[in-house]
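Asker: Just so you know, the working numbering puts 130 at position 143 of the sequence shown, and the rest follows in order with no gaps.
A virtual CB, placed ideally from N, CA and C, is assigned to each residue, including glycine.
Pasting a structure here, questions to come.
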Amino acid sequence: MLREIGPGGTLAAVLAEAGIAAPARAEVALALGAEYDLRRLRPGHQVIVEVTPDGTPRRVALKVEDGLQVEAIFGDTSTTRVVAPEPEIVTLAGEARVESSIFAALEAEGIPARFAIDLAQMLGGTVDLRRDLQGGERLRLLWREARAGGEPIRQPEIAFASLESSDGLYEVVWPADDSARATIYRDGQVLRIFAQPVDGARLSSVFGRRRHPVYGTVRMHTGVDFAAAKGTPVRATAPGRIAFIGWRRGYGRLVEIAHDAETMTRYAHLSAVPGDLAEGGRVAAGDTVGLIGATGTATGPNLHYEVLVDGRPMDPLSDDSLARVIRPAEQDGAALARLRGARAMLDERLAVDLPAYASSDRL
């Protein structure tokens, strides 16, 4: 029997559906729990159950995130093992013409539409992707996918983007390491360095007036929210000094970073903060400052992210205040070399006459 965990579903419920008695269900949970925290099971994970004719479990396997499989085998001796596939990293490229929105343009060309969020985060302080695009802009992208058995096992990761507009050529090169620092260029010159607050998150709420999801009243939302799994790292978006670590009413567990005399960023609803992080300490763009949680007034795990200038909240996706504090003082030769390499790889992929080209070459 194969079942997918649904909303509110549990391993115990699936085992009961398979006709396994309560004592045996406890044995299965104990065996699997020795290798995998069963509290991490979530909708979309799969349970495979094999039983003997009398209903005794013979094999139970969990297929969870990133293609990982946890398997317990029962018999004269019981064993539990973890099977972690070695993923194949494929690279893909595509291009689109923007007419109504970047999201719609990507979706129309079969390119992951979630990349619209990455672009909004990266270019938000330079180009307002909701107002400045006139239509007809050319967008080209290069991204990576991890696959096992030909199937994607995690969210795709964008590597390079190029946006040609009437205002210039904007390009973004994302890092291949885990630094989370991306370099933004305009007309071939380094414009600034940016670090996303959360990798692979879903933008769940934007800046502005909205109906509060908990209180039900219309009020100002002073930041943007990124929904992600509990424990996902939260990163500083610019270098600065830790101004506050602690708990504050609806924000829950909170970290504030001062970037200059006027500009501050705020990271709220955190489940935890690194033990070596202290008020007064310095952080670089991309450093981990906390983990996603649901502390304070929150409907689920997410990051509430704010940018404040002179104490006033600004739209993190359109305000350019952070650009001043993370713009490099001079052009970085290594950064320009990365741009040339990304351009060459994108051109190579797009040279093949396919809407999107896949290669098993590792980036």
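Please go through the same chain and pick out, in chain order, the residues whose beta-carbon is closer than 6 Å to the beta-carbon of Thr282, but skip the five residues on each side of it.
Answerer: Gly239, Arg240, His256
Asker: On the three-state DSSP scale, how would you describe Ala(-1)?
Answerer: DSSP places Ala(-1) in the helix class (H, G or I) of the three-state scheme.
Asker: Tell me, which residues are paired with Gln142 by DSSP?
Answerer: Partner(s): none; Gln142 has no beta bridge.
Asker: Whole angstroms are fine: how far does the CA of Arg336 sit from the CA of Ala13?
Answerer: 51 Å
Asker: By a C-beta neighbour count over all protein chains shown, 10 Å radius and 16 as the cutoff for buried, is Gln108 buried or exposed?
Answerer: buried
Asker: Assign Arg189 to one of two classes, buried (16 or more other C-beta atoms within 10 Å of its C-beta) or exposed (fewer than that).
Answerer: Sixteen is the threshold: since fewer than 16 other Cβ atoms of the shown chains lie within 10 Å of the Cβ of Arg189, the residue is exposed.
Asker: With 16 as the cutoff for other CB atoms within 10 Å, does Arg269 come out buried or exposed?
Answerer: exposed
Asker: With DSSP run on the structure shown, which of helix, strand or coil describes Val85?
Answerer: strand
Asker: Along the chain, where does the alpha helix (DSSP H) containing Leu156 start, and where does it finish?
Answerer: For Leu156, no alpha helix (DSSP H) run applies; the uninterrupted beta strand (DSSP E) run containing it begins and ends at 155 to 160, by DSSP.
Asker: Measuring straight from C-alpha to C-alpha, what distance separates Val38 and Arg45?
Answerer: 5 Å
Asker: From the DSSP output, in three-state form, read off Ala108 for me.
Answerer: The sequence shown places Gln at residue 108, not Ala. It is helical.
Asker: Less than 7 Å between C-beta atoms, sequence neighbours within five positions excluded: which residues of the same chain meet that for Leu134?
Answerer: Inspection of the sequence shows that residue 134 is occupied by Arg rather than by Leu. Pro74, Glu75, Val77, Ile140, listed in sequence order.
Asker: Which first and last residues belong to the beta strand (DSSP E) in which Pro44 is found?
Answerer: Here the beta strand (DSSP E) through Pro44 covers 44 to 50.
Asker: Distance, Cα to Cα, Pro(-6) vs Pro30?
Answerer: 5 Å
Asker: Is Glu335 helix, strand or coil when you go by DSSP?
Answerer: helix
Asker: Can you say whether Gln183 is buried or exposed, counting buried as having 16 or more other CB atoms within 10 angstroms of its CB?
Answerer: Buried is the call here.
Asker: Looking at the secondary structure, which residues open and close the alpha helix (DSSP H) in which Gly20 lies?
Answerer: 9 to 20
Asker: Apart from the five residues just before and just after Pro261, which ones in its own chain have a Cβ nearer than 8 Å to its Cβ?
Answerer: Thr275, Val276, Gly277
Asker: Which first and last residues belong to the beta strand (DSSP E) in which Ser65 is found?
Answerer: Careful: Ser65 lies outside any beta strand (DSSP E) and carries neither H nor E.
Asker: Identify whether Ala80 lies in helix, strand or coil by the three-state DSSP scheme.
Answerer: strand
Asker: Kindly confirm or deny that the stretch 319 to 336 and the stretch 167 to 178 touch, where touching means at least three C-beta pairs closer than 8 Å.
Answerer: yes
Asker: Out of curiosity, what's the CA-to-CA distance linking Val34 and Ala48?
Answerer: For Val34 and Ala48, the gap between their C-alpha atoms comes out near 6 Å.
Asker: Quick check on the burial criterion: 16 or more other C-beta atoms within 10 angstroms. Buried or exposed for Glu86?
Answerer: So Glu86 ends up on the exposed side.
Asker: Quick one: what does DSSP say Phe194 is sitting in, helix, strand or coil?
Answerer: coil
Asker: Does the distance from the CB of Val57 to the CB of Leu19 come in under 8 Å?
Answerer: Yes.
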